[in-house]
Every structure is written in C-alpha cells, then in structure tokens.
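Encoded as structure tokens, the structure appears first; notes follow it.
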Amino acid sequence: MSPVKEPSANPLTLKERMKVPRQHMPEQSAGLRIMNFTEVNLGYSEELAKQEALRCLECAKATCVEHCPVGVKVKDFVRLIVEGKFLEAAAKIREDNVLPAITGRVCPQEDHCEGACLLHKKVESLGVGYLERFVADFEQRMNAPMPPNAPATGKKIAIVGSGPAGLSAAGDLVQRGHQVHVFEALHEIGGVLVYGIPEFRLPKQVIRQQIGKMREMGVEFETNVVVGKTVSIDELFGEEGYHAVFIATGAGLPVFLNIPGEHLNGVYSANEFLTRINLMHAYEFPSYDEPMVDLREKHVAVIGGGNTALDAIRSARRLGAEKAYVIYRRSETEMPARIEEVKHAKQEGIEIRVLTNPVDFLDDGRGWLKGARCVQMELGEPDASGRRRPIPIAGSEFEVPLQVAIIATGTSANPLIQSTTPGLKTNKWGYIEASGETQRTSRKGVFAGGDIVTGAATVILAMGAGRRAAQSIHEFLTTGEW
Amino acid sequence: MFKILSAAQIAPGIKRFVIEAPRIARKHEAGQFLILRLDEHGERIPLTIESADAELGTISIVVQAVGKTTHQLNALDPGDSIQDVVGPLGKPSEIKNFGTVVIVGGGVGTALAYPTTAALKHAGNRILTILGGRNRDLVILEDEMRALSDVLYVTTDDGSYGQKGLVTDKLRELMAGEEHIAMVLAVGPVPMMKAVADLTRDTSIRTVVSLNPIMIDGTGMCGGCRVLVGGKSQFACVDGPEFEAHEVNFEVLMQRNKMYRDAEKRSLEEYQRVLRENEPSVCLVGGGKS
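In the order they appear, the protein sequences are chains A and B. Take 1 as the starting number for the first sequence in the numbering used here and just add one per residue. Take 1 as the starting number for the second sequence in the numbering used here and just add one per residue.
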C-alpha cells in the first residue's frame with residue numbers, strides 16, 4: 001500500500017481508515033419501491049459523504065483514476081469532500097466528466113474505479129459512485145454556475161446523437177470555444193439515458209438538469225433530425241457549414257433470438273419495452289397516449305443478463321407483474337449487469353433463472369404468448385469472449401408459463417448513417433471503423449465513438465470515447481491536419 | 001414546433017394538411033413516411049407523406065380519423081402547430097421503367113401511392129390505376145390520380161360510385177386481359193393488400209405493398225414494427241415500408257396490429273367523452289378562432 005505523501009486533511013491513519021465500514025446508501029425499501037418508479041437510491045447526506053470519503057487511502061499511484069474511462073481525478077475530489085469543499089469537488093469532477101450526476105448513478109464502478117480501489121483487497125472498496133453522485137447533486141442544489149468557455153474559435157461542430165458519447169464530446173468542445181450543435185432523432189434529448197434507463201435508476205429530472213447545464217454552457221440542441229435521412233453528413237459539411245462531425249448514434253437495432261413464436265403479441269424487444277415506458281410514459285396511459293400491455297398479475301420474463309435486461313424486468317415488476325424472471329443462459333457470475341442492479345432486482349422479488357435458454361415461444365391459439373419452452377444449459381470451455389460457453393443439456397426441456405417476454409440479448413449496428421455516407425468505412429458487423437485513440441473515421445473531419453463503433457457497451461465507455469473525440473476534433477480544428 | 005399552413009377536409013373524416021417542415025421537404029422521396037407527436041402527452045404515429053415542396057419548405061399529409069391521435073390531429077386548423085415531426089423515414093420506392101404498372105389504392109392508402117405513381121409515370125411507365133373505397137366519399141385524390149394515369153378505374157363496395165365491388169375484382173379483370181402487367185403496387189388496408197398479394201401470387205407479376213405496422217421511433221431502434229417477410233424479421237421503418245407482397249406474412253401483421261386494440265378503443269372513447277363534456281363550456285367562452 002502506498003503511503004500518503006502530500007499533506008492530507010484526513011485525520012485518520014491508514015489503519016483507522018480501513019476500519020471505517022463502507023457507508024450504506026440509503027434506499028427505498030423493496031416493498032415500497034416495487035409500487036413506484038421513483039429512485040431506489042436516496043443519496044448520501046453530507047455526514048455520510050464525509051464519513052465515506054474518510055476511507056480513501058489517498059494512494060500515491062491512484063489506480064482508480066487510471067481505471068476511469070474519462071480519467072476523473074477521484075483522489076482529488078474525494079479529498080475535497082473530506083475538507084467539506086463540495087462545490088470544489090464537483091468542479092474537480094467536471095474537469096473530466098460533464099455528466100457527474102448521471103455517471104454517479106449508472107456507471108458500473110465495480111469494473112472501473114471501485115474495482116481498482118486498493119481497499120478492495122482487504123475490505124469493501126471506496127463508494128466512489130455514491131460520492132460522485134453526492135457532489136453532483138450538491139452542485140445542482142446550489143445551482144453552481146458553469147466555468148466560462150474559452151474564447152470563440154469560429155468553428156462549428158455537428159454532433160449526431162445526444163446520448164452519453166455525444167453529450168460528453170459536446171461539453172468538452174463547447175468549453176474550448178467551439179460552436180456545438182447536437183442533432184437528436186427522437187423528440188427528447190439524452191438518447192439511451194431517456195429511452196433506455198428507467199426513472200427509478202436515473203430520474204429524468206436529473207438528465208434534464210444536466211442538459212440544462214450544457215445549454216447554459218452554450219451547447220445547441222435540435223430534436224427530430226435523423227442524420228442520414230433528414231440531412232446527410234455531406235450536407236452538414238456543405239450547405240450547413242460544419243467543420244467537423246462526431247457520429248455518436250448508439251447501438252442501434254435490437255437483435256431477436258430467431259426462434260419460433262417471436263412475432264406473438266406479448267413478445268417485446270427490450271428497446272421497445274423500455275422506450276414505451278421511459279420515453280413515451282406508457283405506464284401513465286391513458287394520461288399519456290402511448291399504450292402498452294397491461295402487466296398486472298402477469299408472468300413476465302426477460303431474456304438476457306445485462307443492465308438493459310434488469311432495467312426491463314424491474315420495470316415490469318413495478319407495473320404489477322406477479323412473477324418476474326430473468327432468464328439467462330450462463331451462470332450468475334457471467335451476468336454483465338452491475339452488481340447493485342442484481343442485488344436490487346433480487347430484493348424486489350425477481351427470480352433469476354440461470355443456465356436457462358428459451359427455444360420456442362408458445363401461442364395461446366389467439367396470437368398471444370402463453371409461455372416459453374426452455375432448455376437447461378451447462379457451462380463448457382471458455383469461448384471467444386473468455387466466458388464459459390453455455391451448452392444445452394439434451395432432454396432437459398421444460399415450459400415456463402408467460403404472458404410477456406422481453407428480449408434483451410443485444411443489438412446490432414444501425415446502418416442509417418453508414419449507408420448514406422460515401423467513403424465511411426465499417427467493419428464486418430457494420431459498426432463504423434474509428435481509431436481507438438483519436439476516434440477518427442475513414443472520412444476527413446468525421447469522427448465516431450460510443451456504441452456505433454464498439455457495439456453495445458456502457459454509458460461511461462461511451463463518454464470516454466466522447467472525450468477522446470473532443471480532444472481529437474479540437475486538435476484537427478486547431479491544426480487543420482488529418 | 002411544426003406549423004400547419006393549411007387544413008382541408010377532402011372526404012368525411014379525412015383531411016389534408018400542409019405543414020411547414022423545410023428539412024423534410026428538402027429530402028422527401030416517393031414512398032417515404034414521417035412520424036409525428038402532437039403534444040407532450042402524445043403518442044408517436046407514422047403517417048405517409050403525400051407530397052413535398054422543397055422550395056416552399058412544406059410537406060402535405062392526408063389523415064383519416066381512426067384513433068384518438070388522428071381525431072385530435074384532424075381537429076387542428078391552420079395556424080396550429082404539431083410538436084414533433086420527424087422524417088423522411090424509410091426507404092424510397094424503387095423507381096424505374098418497368099412497363100405497365102397497376103397502382104391499387106385503397107382509402108387513404110391512395111395518398112401514399114400518389115407520389116410513387118407520379119415518379120413511376122415520370123420514369124415512363126404506363127399507369128393503370130384502381131382506386132377503391134367502401135363508398136363514393138372514401139375514394140380520394142381521384143382527380144390527382146387521374147392526371148397521372150393512362151387509365152383509371154374506381155370501385156366501391158356499395159356501388160355508390162364506379163364499379164360495384166372490390167379493387168381485386170377489377171385487378172382480376174386486368175390480369176385476364178391482353179395487356180402484360182409488369183408490376184402491381186398496392187397501398188391500403190392490410191386485408192386489401194393481402195387480397196391483392198393472393199391474387200397475383202401464382203403469376204409472374206411482381207407485387208409490392210407498403211406496410212404501416214405499429215411503430216415508435218422509426219429509426220430501427222425499437223423493433224416494434226417488425227414484420228415477417230420471407231420468414232425473416234424485417235423492420236418496416238428501415239427495411240421498408242415497401243416489401244415484396246408475396247413474401248409478407250399478412251396474418252402475423254394483422255395479429256400484431258391488434259395488439260393494442262383495447263387500449264386504442266379506450267383512448268378514443270375517453271377523448272370523445274371529454275370532448276362532449278367540454279362542449280357547452282367551449283360555446284360559453286365563445287370567440288377565439290372557432
């Protein structure tokens with residue numbers, strides 16, 4: 001363990017810090033929260049935040065920072081919390097992350113900062129996400145002004161997509177004095193943050209506040225524009241006069257299982273199911289016009305083990321599903337979802353059926369789903385992803401009665417932009433080819449990042465790509481070199 | 001916000017709107033559609049684009065009042081605005097000189113067929129048009145279509161206009177005739193498109209239909225508009241809306257279109273009940289644009 005070198009405001013010795021338990025995040029009880037869509041986690045108080053911050057060992061070699069995709073200076077902002085300088089802590093995060101209230105809530109910290117935390121070797125890791133959320137919410141309550149932007153450069157940048165990659169790039173670029181215009185295909189700003197992640201995990205109010213801050217910084221937003229259809233990339237450079245374009249359109253088309261019965265009524269893609277709820281407020285029908293299937297007293301299963309799967313099934317539970325299952329073909333260890341989501345889901349009475357795979361959706365005779373025929377799986381040798389490959393066990397088939405099934409097994413590349421942009425190279429899966437360092441594509445002045453380059457990943461990885469793109473766009477616009 | 005410039009009743013329950021939407025007007029090609037949302041609480045619905053004027057920056061749509069949203073929309077007047085309009089979406093129609101093309105338009109489907117017919121005519125095709133409706137009032141755009149057609153036929157279910165019968169009766173006659181038909185484009189209610197597909201299935205006549213399934217985002221993201229085409233899932237919003245008719249599984253399409261029938265009915269009834277309840281107070285307030 002590296003000793004503390006700089007003078008610290010933390011009065012505790014390293015030994016004492018390790019004795020302080022990780023501060024529990026106050027949350028709504030499971031019994032209460034399955035009746036509502038309000039946020040599960042209630043947030044740290046100042047006291048809890050300070051207490052948690054005291055646990056930081058202030059390592060000389062801060063592995064937490066190295067493991068953050070956007071490089072948030074964790075050690076520095078945590079130290080400012082210890083000193084009670086919450087606004088300064090928020091400003092410190094903002095140097096690297098323009099959406100702290102969002103990442104503080106949805107980032108899989110266990111894969112990044114918290115996973116790399118030295119405390120984790122002996123005790124529980126530092127609650128970096130909880131602390132980030134605390135200072136971001138504090139900053140919002142104080143209505144702290146945004147730092148001034150650099151002098152105007154006269155350069156115009158179009159950002160295609162207002163999800164985490166686009167927003168992250170927009171924030172960095174506007175601070176550097178560029179004129180930034182974000183195009184969004186839907187009627188609301190935020191991309192997956194608004195259509196994909198439910199209210200109980202990331203309240204819309206938080207997103208709107210963060211977007212409001214970006215508007216305050218000078219970022220322009222335009223909804224209802226499908227780049228590739230409403231306007232082409234060439235037109236953005238041509239008559240619209242942009243100097244650079246960043247494509248951040250996200251993951252794209254939902255993948256189906258290609259098994260019989262997938263067209264039955266009651267079978268949804270997770271994207272559709274979540275979009276109806278989150279973007280269209282279908283759960284408030286008929287006050288909102290978009291309908292959805294009534295889930296009260298129904299048996300509902302989600303197929304898949306990622307965050308999207310858990311968001312969908314936890315939403316179904318809140319909408320009255322009597323039985324709610326996660327059906328996942330590998331074991332719980334391989335589930336890609338955040339640990340906290342799995343814990344919350346179990347508390348909410350969601351049954352996780354691992355090593356199970358549906359092979360057939362069953363028709364009730366009237367075109368509606370009545371169940372899924374599933375097969376039991378066992379784990380074989382590791383596959384290309386490094387995870388042990390699931391293999392069906394012969395003769396193990398059984399039926400699960402279901403009225404609604406939600407498929408959350410991934411997405412494939414949306415070809416809308418690639419097919420209308422000559423010279424833009426894609427890989428064999430149709431994702432846009434872009435440098436991992438500079439996010440440059442095969443077209444001069446065009447950058448791409450986030451899920452449209454990597455395939456479905458996380459909010460924070462997309463934001464990392466946005467940051468790299470912003471840096472690289474800034475260099476391109478300053479030097480003119482490609 | 002997207003401003004309504006004109007709104008004209010063209011048949012009972014059917015209105016044509018001209019809307020200010022310069023970006024869409026500039027890019028629209030025959031066969032494409034748009035998605036609109038009336039207000040903050042509105043649903044997103046796909047509608048076909050009837051025409052576009054790039055210079056004026058306007059587009060027109062033809063709307064039949066069926067559910068709550070289309071009833072609400074048809075209650076709007078010039079000067080009113082629609083909160084969100086996005087497009088043009090979907091692949092444009094394939095336009096080339098096929099030879100003789102039969103256009104079958106049923107009800108408001110004719111509005112979608114109109115720009116494609118114009119483009120096909122311009123490409124040198126001989127155009128035989130069959131317009132159908134339940135009765136005379138529901139045969140729309142007759143003059144416009146007649147101007148594009150070499151021959152135009154009208155059928156009505158009740159015989160109140162044109163030939164009594166279905167569009168497929170007339171199509172069967174044309175198929176039995178001397179003239180070689182290269183292609184049929186059918187746009188209208190799903191049962192009509194299915195009947196056309198069944199009629200031409202055993203012939204060499206290429207048949208294309210334009211589908212309008214349940215849809216939300218219109219960019220391929222949600223997969224709600226999936227249709228079974230050639231045994232495979234296709235998304236009407238990005239792979240369509242036009243598909244080879246003989247490949248389309250119409251039963252699945254009809255079944256999926258019924259998914260929200262109860263909710264749609266409830267939504268419309270609730271809307272009409274509120275309208276009725278508010279009627280007297282609207283009169284008392286008076287004035288305004290009405």
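Heads up, the beta-carbon is just placed ideally off N, CA and C, and yes, glycines get one too. Nothing here was measured: the structure is a model prediction, and the numbers come from that model.
- Per the C-alpha coordinates, the member of A:E475, A:D451, A:A457 positioned closest to A:G161 is A:D451.
- Judged by DSSP secondary structure, A:C113 falls within the alpha helix (DSSP H) whose first and last residues are 113-116.
- Beta-bridge partners assigned by DSSP to A:V72: none are found.
- When Cβ pairs closer than 8 Å are counted between the two stretches, the stretch 285-299 of chain A is seen to touch the stretch 320-333 of chain A, the count reaching three or more.
- Note on A:S287: under 16 other CB atoms within 10 angstroms of its CB, so exposed under the neighbour-count rule.
- Q83, D84, V85, V86, G87, P88, L89: these are the residues of the stretch 74-101 of chain B whose beta carbon lies less than 8 Å from some beta carbon of chain A, given in chain order.
- About 6 Å separates the beta carbons of B:T100 and B:H180, which is inside the 8 Å limit, making them a contact pair.
- For A:T421, no CB of chain B lies under 9 Å from its own CB, so it is not counted at the interface with that chain.
- Taking 4 residues as the minimum length, the alpha helix (DSSP H) runs contained wholly in the stretch 207-285 of chain B are 250-257, 261-285, in order along the chain.
- Taking C-alpha positions only, B:P22 is separated from A:E235 by approximately 14 Å.
- Here A:R440 is bridged, per DSSP, to A:F447.
- Looking at the DSSP output, B:A7 bridges to B:F17.
- Under a 10 Å Cβ-count criterion, A:G380 is classified as exposed, with fewer than 16 other Cβ atoms of the shown protein chains found around its own Cβ.
- Counting C-beta pairs with one atom in each stretch, the stretch 20-34 of chain B and the stretch 458-466 of chain A have fewer than three that are closer than 8 Å, which means they do not touch.
- The CB of A:D289 comes closer than 8 Å to the CB of H41, G42, E43, K68, T69, S267 in chain B, given here in chain order.
- Comparing alpha-carbon positions, the option among A:E88, A:A62, A:E139, A:L416 lying closest to A:G115 turns out to be A:A62.
- Per DSSP, the unbroken alpha helix (DSSP H) holding B:A118 starts and ends at 109-122.
- Only those residues of the stretch 42-65 of chain B whose C-beta falls short of 8 Å from the nearest C-beta of chain A are listed: G42, E43, R44.
- The bridge partners DSSP lists for A:C374 are A:P358, A:F398.
- With a threshold of 16 other beta carbon atoms within 10 Å, A:I393 falls short and is exposed.
- If you compare the alpha carbons of A:P358, A:R467, A:Y283, A:E16 with that of A:G261, the shortest gap goes to A:P358.
- Here the stretch 154-164 of chain B makes contact with the stretch 130-146 of chain B; the two share three or more CB pairs at distances below 8 Å.
- Among the residues of the stretch 400-430 of chain A, those with a Cβ less than 9 Å away from any Cβ of chain B are I407, T411, N414, P415, L416, in the order of the chain.
- For A:P286, the secondary structure class from DSSP, reduced to helix, strand or coil, is coil.
- By the Cβ test, the stretch 118-131 of chain B is in contact with the stretch 89-108 of chain B, since at least three Cβ pairs between them sit closer than 8 Å.
- In the displayed model, A:A89 falls within a helix according to three-state DSSP.
- Among the CB atoms of chain A, one or more fall inside 9 Å of the CB of B:Q255.
- When secondary structure is reduced to three states using DSSP, A:M292 falls in the coil class, being assigned neither helix nor strand.
- Close CB contacts of A:D76 within its chain, under the 7 Å cut and outside five residues either way in sequence, are with K92 (chain order).
- For the C-beta of A:E272, the chain B residues within less than 7 Å are, from N- to C-terminus, I216, C222, G223, G224.
- For the pair B:M1 and B:V209, the Cα-to-Cα distance works out to about 32 Å.
- For the set B:I19, B:V63, B:G67, B:E43, the Cα lying nearest the Cα of B:D53 is the one of B:I19.
- Taking every protein chain shown into account, the CB of B:Q9 has fewer than 16 other CB atoms within 10 angstroms, so this residue is exposed.
- Residues of chain A whose Cβ lies closer than 8 Å to the Cβ of B:F235 are, in chain order, L253.
- For B:L185, the closest Cβ of chain A is not nearer than 9 Å.
- Scanning chain B for C-beta atoms nearer than 8 Å to the C-beta of A:T230 yields R23, I24, K27, V86, G87, P88, reported in chain order.
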